[in-house]
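In this note's numbering, the protein residues as written are 18 to 179.
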């Protein structure tokens, strides 16, 4: 017997499918940002660490799944992925990666001006201005994709590993 007081949650719209021109423009931005990061000398694993850390902060299951697999394909270790949310508490990340992660966090939660200043100061010690800009652009872009997936409730498909 069904509960007459239970109201099912509203069905979500996959906004990437509903508005494909807008989503395609976001994909094009992402491609330009990936090229910018590469040209600035940010390696693929650093880009994926940024994507993952931002997705952790935003709670985007779909992007966490997607970028975990991308990071592993790029050569990232399962150990580092496992401790990424506590990156400050390990010695597993290089100074340049730590700087990029701090910038990503400051970009994702830009309210705290002191955190932004600290992230920029640390980044200037180990990253070029092009790399700082690229790291911020990576964070901006994954934040946008996180919102698309979160608001669309994109499902995480199970992997059929043997």
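Cβ coordinates follow ideal geometry from the N, Cα and C atoms, glycine included.
- Relative to the Cα of residue 149, the nearest Cα in the group 60, 164, 93 and 75 belongs to 60.
- Residue burial is scored here from C-beta neighbours: residue 75 has at least 16 other C-beta atoms within 10 angstroms and is therefore classed as buried.
- The beta carbons of residue 131 and residue 144 sit no closer together than 8 angstroms.
- One alpha carbon belongs to residue 34, the other to residue 142, and they sit about 42 angstroms apart.
- Taking a cut-off of 8 angstroms for Cβ pairs, the segment 113-123 and the segment 80-90 do not touch, as fewer than three such pairs fall below it.
- At a Cβ-Cβ threshold of 8 angstroms, residue 165 and residue 124 do not count as neighbours.
- Counting other Cβ atoms within 10 Å of its Cβ, residue 55 stays below 16 and is therefore classed as exposed.
- Each of 146, 136, 45 and 155 was checked against the Cα of residue 120, and the nearest Cα belongs to 136.
- A distance below 8 angstroms separates the beta carbons of residue 169 and residue 30.
- Across the structure, residue 50 and residue 77 are spaced so that their CA atoms are roughly 20 angstroms apart.
- Between residue 159 and residue 22, the alpha-carbon positions lie close to 38 angstroms from each other.
- The DSSP-derived three-state label of residue 130 is helix.
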